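Engineer:
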Amino acid sequence: MVSFDKTIPPGGRGKITITFDSTGYQGRVRKSAMVWTNDPDEERFELILRADIKPVFQIKPWGRVHLSTPLGQPAEQTLTFLNLLEGPVEITGMTNPMEDLVSLELNTVEKGRAYELKATTKAEKKIRKGAYINFKLSGVPVEEYKVMIFLDVWDPKTKKNRTGTVKPTPQTQPRELAPITPGGAKPEPKSGS
Amino acid sequence: MRNATLSLAVGLVLLWAGPALAGPDLKMESKDIDAGQAFAGQKLEVEYQVTNAGDADLEIKKVSPG
């Protein structure tokens, strides 16, 4: 997201502000923004923002909730959040973006260190949807800690294989090879043929 | 006659130099800022200071995140 002063008078000062949401990033990050102005020497130039993003949690088995199940068959997934920082980080709240489709239950394994999130489908219709669960944290200056949730409830009668219809490989009889005679000469034709 | 020649020479110099001075002149302390360490999920806000050293309005037409 960007904001900037559109006009700066002669001798005046202004600013260009870039806001970067580091959700989903880890390690050294380089983001850029292109600027266009009416200065003939600086008609177009690049602004660069660098940062070193430290993960707060290690989320096991992977960093998002992914529930994929046939209609009428509930699915469940449990994620474990392990605090990677030295100090305690508490999860103090959570917003469920799919309240009518998924139930979320957060349990404290060890206060400030480890948490468990259990997600269970309750969708009664075919749906494919992605959203973010927002966690409120204390102990770190993170306003909202987002974790992706993806739900895929499909109709087992109509769902096709992702690669489309797979045709069975035609069965062929092994070809009988002609015998090779020493020197590469062709075999003598069989009598009567 | 000598004064008239001098005035003409000064006038010509000003005419030649004039357009080079006119217009906006963008100056920035830095176009590359390192925000340092942050936590995943944190929103970083970075300000780039812009100065107009020219003699006409500097217009920032567009800023497009990459």
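Residue numbers (this note's numbering), protein chains in the order written: chain A, 163 to 355; chain B, 17 to 82. Think of the CB as a built atom: it goes at the ideal place given N, C-alpha and C, for glycine as much as any other residue. Remember, it's a predicted structure, so these values are computed and weren't measured experimentally.
Output yes if chain A places a C-beta closer than 8 Å to the C-beta of G61(B); else output no.
Structural biologist: A small correction: the amino acid at residue 61(B) is Glu; Gly does not occupy that position in the sequence shown. Chain A contact via Cβ: present.
Engineer: Under three-state DSSP, which class holds K216(A)?
Structural biologist: Of the three classes helix, strand and coil, the one that applies to K216(A) here is strand, per DSSP.
Engineer: Taking only beta-carbon positions, decide if T169(A) is within less than 8 Å of chain B.
Structural biologist: Yes, its Cβ sits closer than 8 Å to a Cβ of chain B.
Engineer: Can you tell me the Cβ-Cβ gap for M44(B) and V62(B), rounded? I've got them flagged as a contact below 8 Å.
Structural biologist: Contact doesn't hold; Cβ gap of about 13 Å is too wide.
Engineer: Would you mind giving the Cβ-Cβ distance between P171(A) and D41(B), rounded to the nearest angstrom? I have them listed as a contact below 8 Å.
Structural biologist: That belief does not hold up - the Cβ atoms of P171(A) and D41(B) are roughly 12 Å apart, past 8 Å.
Engineer: Can you tell which of G234(A), Y187(A), L313(A) has its C-alpha closest to the C-alpha of I215(A)?
Structural biologist: Out of G234(A), Y187(A), L313(A), Y187(A) has the C-alpha closest to the C-alpha of I215(A).
Engineer: Are there three or more Cβ pairs, one per stretch, closer than 8 Å when the stretch 293-311 of chain A is compared with the stretch 251-267 of chain A?
Structural biologist: Because the criterion of three Cβ pairs below 8 Å is met, the stretch 293-311 of chain A and the stretch 251-267 of chain A touch.
Engineer: Can you name the residues of chain B whose CB is closer than 7 Å to the CB of G173(A)?
Structural biologist: Those within 7 Å of G173(A) in chain B are N68.
Engineer: According to the neighbour-count rule (16 or more other Cβ atoms, all chains shown, within 10 Å of its Cβ), is T199(A) buried or exposed?
Structural biologist: Counting Cβ neighbours within 10 Å, T199(A) comes out buried, since at least 16 surround it.
Engineer: So with CB distances below 8 Å, who are the chain B contacts of V218(A)?
Structural biologist: Correct list: F55, A56, G57.
Engineer: Report yes or no: is there a C-beta of chain D within less than 8 Å of the C-beta of E45(B)?
Structural biologist: No chain D is part of this structure, whose protein chains are labelled A and B.
Engineer: Skipping 5 residues on each side, what residues in its chain have a beta carbon closer than 7 Å to that of L185(A)?
Structural biologist: The identity of residue 185(A) in the sequence shown is Thr, whereas the question assumes Leu. Closer than 7 Å at the Cβ level, and outside the excluded window around T185(A), lie K308.
Engineer: If we count the other Cβ atoms within 10 Å of its Cβ and call it buried at 16 or more, is G173(A) buried or exposed?
Structural biologist: Exposed, by the Cβ-count rule.
Engineer: I think D317(A) touches K288(A), with their Cβ atoms under 8 Å apart; what is that distance to the nearest whole Å?
Structural biologist: With a Cβ gap of about 5 Å, D317(A) and K288(A) count as contacting.
Engineer: Near V191(A), which residues of its chain fall below 6 Å by C-beta distance, leaving aside the five closest residues on each side in sequence?
Structural biologist: A213, I215, listed in sequence order.
Engineer: Please name the residue in R175(A), I180(A), W224(A) whose C-alpha comes closest to that of M163(A).
Structural biologist: Cα-wise, what sits closest to M163(A) is I180(A).
Engineer: CB-CB under 6 Å to A69(B), same chain, minus the five flanking residues each way: which ones, in chain order?
Structural biologist: Excluding residues within five positions, the ones whose Cβ falls inside 6 Å are D41, K43.
Engineer: Roughly how many angstroms separate the alpha carbons of T169(A) and S80(B), rounded to a whole number?
Structural biologist: If you take the alpha carbons of T169(A) and S80(B), they lie about 17 Å apart.
Engineer: Which term fits D201(A), buried or exposed, when burial requires 16 or more other beta carbons within 10 angstroms of its beta carbon?
Structural biologist: Buried.
Engineer: Taking the straight line between their C-alpha atoms, what separation do you get for Q53(B) and L233(A)?
Structural biologist: When rounded, the distance between both Cα atoms is 45 Å.
Engineer: How is R290(A) classed by DSSP in three states: helix, strand or coil?
Structural biologist: Note: R290(A) maps to strand in three-state DSSP.
Engineer: List the residues of chain B that I311(A) touches, going by C-beta distances under 9 Å, in chain order.
Structural biologist: The contacting residues do not exist; I311(A) stays about 16 Å from chain B at best.
Engineer: Report back the beta-carbon spacing between V264(A) and T282(A) to the nearest angstrom; my notes put them in contact at under 8 Å.
Structural biologist: That belief holds up - the Cβ atoms of V264(A) and T282(A) are roughly 7 Å apart, short of 8 Å.
Engineer: In whole angstroms, give me the CA-to-CA distance for G274(A) and H228(A).
Structural biologist: If I take the Cα positions, the gap works out to 25 Å.
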